[in-house]
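Residue numbers (our numbering): 129 to 306. Report on one structure; see the data block that follows.
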């Protein structure tokens with residue numbers, strides 16, 4: 129299933145309304161370009177599963193917790209694929225970004241059936257709207273992933289499928305709105 133940009137915008141607005149009702153902290157961002165394009169954003173701070181000793185330095189500020197990682201997720205519409213795409217960045221509290229290998233290590237085993245899956249699924253690339261380095265879930269199979277369904281909000285269904293790959297889960301209350 130694919131979406132046109134106008135439907136993406138409408139569903140993004142609806143998604144934000146639901147997020148506000150659920151206090152889920154999603155934001156809508158508008159680009160300052162001619163088209164006034166939008167994307168969605170969520171920032172989450174998580175405890176690290178393992179302490180990364182390379183993440184700390186002797187002169188590090190004592191108020192910075194080396195065991196926390198900040199994830200910033202963006203949902204952006206892809207004109208090429210006519211689907212939403214999930215981009216994200218992750219960094220430790222000292223500002224050091226996670227490496228691609230560290231991101232792959234966070235992917236649950238159930239999503240990596242063979243060694244090449246991670247190369248095809250999560251890549252490092254330039255953010256298509258912000259022009260910054262980021263990670264992204266490749267959209268090539270997205271339209272097949274969420275087959276035509278009777279949900280009222282494709283974004284909710286899509287995000288509940290692709291989000292857990294990179295540690296982004298929707299609260300179950302979103303299901304009431306699909």
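The beta-carbon is built from N, C-alpha and C at its ideal position, and this holds for glycine as well.
### Task
Enumerate in chain order the residues of its own chain whose CB-to-CB distance from residue 225 is below 6 Å, with the five nearest sequence positions on each side excluded.
As a position in the chain shown, residue 225 is number 97, starting the count at 1. Cβ neighbours of residue 225 beyond the five flanking positions: 219.
### Query
So, do the region 250-257 and the region 197-206 have three or more beta carbon pairs nearer to each other than 8 Å?
yes
### Task
Following the continuous beta strand (DSSP E) through residue 169, name the residue where it begins and the one where it ends.
Position 41 of the chain shown, counted from the first residue, corresponds to residue 169. Counting along the chain, the beta strand (DSSP E) containing residue 169 begins and ends at 166-175.
### Query
With 16 as the cutoff for other CB atoms within 10 Å, does residue 145 come out buried or exposed?
To locate residue 145, count along the chain shown from 1; it is residue 17. Residue 145 should be labelled exposed.
### Message
Taking only three categories from DSSP, how would you classify residue 237?
### Response
Position 109 of the chain shown, counted from the first residue, corresponds to residue 237. Residue 237 falls in the helix class under three-state DSSP.
### Query
Could you give the distance in angstroms between the alpha-carbon of residue 165 and the alpha-carbon of residue 284?
In the chain shown, the residue the question calls residue 165 occupies position 37. In the chain shown, the residue the question calls residue 284 occupies position 156. Spanning the two alpha carbons is a distance of roughly 20 Å.
#### Entry: Contact check, residue 154 vs residue 136, beta carbons under 8 Å
To locate residue 154, count along the chain shown from 1; it is residue 26. To locate residue 136, count along the chain shown from 1; it is residue 8. It is not a contact, given that the beta carbons lie outside the stated cut-off.
### Query
Expressed to the nearest angstrom, what Euclidean distance is found between the alpha-carbon atoms of residue 150 and residue 170?
On the chain shown, position 22 is the one that residue 150 refers to. On the chain shown, position 42 is the one that residue 170 refers to. About 14 Å.
### Residues sharing a beta bridge with residue 206, DSSP
The residue given as residue 206 occupies position 78 in the chain shown. According to DSSP, which records beta bridges pairwise, residue 206 is partnered with 211.
### Selected residue, minimal CA-CA separation from residue 230, among 299, 294, 133, 280
Position 102 of the chain shown, counting from 1, holds the residue named residue 230. Closest option to residue 230, Cα to Cα, is 294.
### Query
What are the start and end residues of the beta strand (DSSP E) that includes residue 251?
Here residue 251 refers to the residue found at position 123 when the chain shown is read from its first residue. Start and end: 250-254.
### Message
Please report the straight-line C-alpha distance between residue 270 and residue 195, rounded to a whole angstrom.
### Response
Locating residue 270 in the chain shown gives position 142, counting from the first residue. Locating residue 195 in the chain shown gives position 67, counting from the first residue. Residue 270 and residue 195: Cα-Cα distance of roughly 33 Å.
### Cut-off 7 Å between Cβ atoms - residues of its own chain near residue 299, not counting five sequence neighbours on either side
Here residue 299 is taken as the residue at index 171 of the chain shown, counted from 1. So the list reads 150, 152, once near-sequence residues are dropped.
### Query
For residue 264, does the count of other Cβ atoms within 10 angstroms reach 16, so buried, or fall short, so exposed?
Counting from 1 along the chain shown, the entry for residue 264 is found at position 136. With 16 or more other Cβ atoms within 10 Å, it is buried.
### Query
Does the distance from the C-beta atom of residue 168 to that of residue 140 stay below 8 Å?
Numbered from 1 along the chain shown, position 40 holds the residue referred to as residue 168. Numbered from 1 along the chain shown, position 12 holds the residue referred to as residue 140. Result yes, Cβ atoms of residue 168 and residue 140 sit closer than 8 Å.
### Query
For residue 270, which of helix, strand or coil comes out of DSSP?
In the chain shown, residue 270 corresponds to position 142, counting from 1. Reduced to three states, the DSSP call for residue 270 is helix.
### Query
Can you tell me where the beta strand (DSSP E) with residue 158 in it begins and where it stops?
Start at 1 with the first residue of the chain shown, and residue 158 comes out as number 30. Residues 155-158.
### Query
residue 219: beta carbon under 7 Å from a heavy atom of the ligand MN?
Absence of the ligand MN is noted for the structure shown, with no ligands found whatsoever.
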